[in-house]
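Residue numbers (my numbering): 421 to 559. Beta carbons: idealized from backbone N, C-alpha and C, even for Gly.
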């Protein structure tokens, strides 16, 4: 693969991460690629919190695929700069301000866990809607 095509791919697919549910800590990112991703901590936290579906029945074994859209919050270290940038934005929201997150969630029995089951999600983070590509990849 040439460096030009690699750059193009990284523009389409931003990040791939694995999130597991820890009994005392909640959702935890256990793996992320590339390690030098460009997601802000705030955006990464939002993705992590949406990685597990709500109202999961503890006795059921299942897998589920779904998509969520998360606003790219960028780097919030400079509040004054961020407020100024927000004033300059137009009313129409741009796709560049969002990440499309394709989630493959799995719950299975695991006697080593206190709850008796393990929950984890594989998340493909993209800048563009890639539904026909993402769902087969997550199968």
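Residue 436: member of the beta strand (DSSP E) spanning 433-442, first to last residue. Annotation: the continuous beta strand (DSSP E) that includes residue 487 extends over 482-491.
Distance from the CA of residue 538 to the CA of residue 449, rounded to the nearest whole angstrom, comes to 14 angstroms.
With respect to the 8 angstroms criterion, residue 467 and residue 521 are classified as neighbours on the basis of their beta carbons.
Scanning its chain for C-beta atoms nearer than 6 angstroms, with the 5 sequence neighbours on each side dropped, one finds no residue around residue 464. Distance from the CA of residue 456 to the CA of residue 438, rounded to the nearest whole angstrom, comes to 15 angstroms. For residue 549, the closest C-alpha among the options 487, 435 and 492 is that of 487. In this structure, residue 525 places its C-beta atom within 8 angstroms of the C-beta atom of residue 484.
Sorting 490, 444, 547 and 556 by C-alpha distance to the C-alpha of residue 533 places 444 at the top. Taken through DSSP and simplified to helix, strand or coil, residue 469 comes out as helix. When the beta-carbon positions are compared, residue 547 and residue 536 stay at least 8 angstroms from each other.
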